[in-house]
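Right, one structure below, let's go through it.
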Amino acid sequence: MGNFFNVMNSSTNNSNDFVFENKEYTADCGEHVKEALRNRISIFDDQIIVLNDIPVLSPFALEVMMGEVSRKGRTLGAYGLIVDARKSSRPNSECRRKINELFDSLSNEITHISFCSGKNKFINTAAKFIMFQNTLKSFSFSSTMEEAVDDIKKVMNGSAA
């Protein structure tokens, strides 16, 4: 089983300690930023992928990160996705549309998404808005990574209510 401490530490700043600024990143950001975006994605265990969100999303950043989710997910088969959005800002409408598009494209791979928001009402509201317009219908909200893992394990093991 994965280790919370290792997942959180290894995926937060593992691209030469790259620190994301409070700005949107675009395709002209440079290869080091693209690599840092890909490094925000980690495999927790044989059923779970973790996406550590960045402070400000952009359609480009979403494409890079979700592309990495898809790439890593191919090694797992069906999997759950934890979106760690505890340090994120609310996505704008353009990003919400892109998230819908990307989640729809992965709907046959992702079994359940758990949004770990630390009880951030703005993030939860945006996530609900996105998910109600999406083909992925199994999702939950959690305050901690432990709760997010438990939520996914219940669905993956068939014991969800």
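Residue numbers (our numbering): 398 to 558. Note that the Cβ used here is the ideal one computed from N, Cα and C, for glycine as well.
Neighbourhood of residue i by C-beta, 7 Å cutoff - its chain only, sequence neighbours within 5 removed
i, result
"Pro456", "Glu491, Cys492, Lys495"
"Arg437", "Ser408, Leu448, Asn449, Ile451, Met462"
Residue i - containing beta strand (DSSP E), residue span
i, result
"Asn512", "Just to set this straight, residue 512 is Phe in the shown sequence, not Asn. It spans 507-513 - the beta strand (DSSP E) in which Phe512 sits, taken as one unbroken run."
"Asp481", "476-481"
"Ile445", "445-449"
"Phe536", "536-539"
Nearest-angstrom Cα separation, counted from residue j out to residue i
i, j, result
"Asn489", "Gly464", "20 Å"
"Ala552", "Ser486", "Here the sequence assigns Val to residue 552, which means Ala is not the residue at that position. If you take the alpha carbons of Val552 and Ser486, they lie about 28 Å apart."
"Leu379", "Asn554", "The structure shown does not extend to residue 379, since the chain is modelled only from 398 through 558, so no value can be given for it."
"Asp481", "Cys426", "23 Å"
"Val430", "Ala424", "10 Å"
"Glu506", "Ala475", "5 Å"
Exposure of residue i, with buried meaning 16 or more beta-carbon neighbours within 10 Å
i, result
"Gly470", "buried"
"Phe529", "exposed"
"Val416", "exposed"
Min CB distance residue i to chain B below 8 Å
i, result
"Gly515", "The question asks about chain B, but that chain is absent: this structure has only one protein chain."
Nonlocal neighbours in the same chain, by C-beta distance under 8 Å from residue i, ignoring five residues either side
i, result
"Glu544", "Ser511, Cys513"
"Asn531", "Asn497, Phe500, Asp501, Ser504"
Proximity test, residue i beta-carbon vs the ligand MN heavy atom, cut-off 7 Å
i, result
"Asn554", "With respect to the ligand MN, the structure shown offers nothing to examine, as it has no ligands at all."
Would you check if there are 3 or more beta carbon pairs closer than 8 Å linking the segment 508-528 to the segment 539-549? yes
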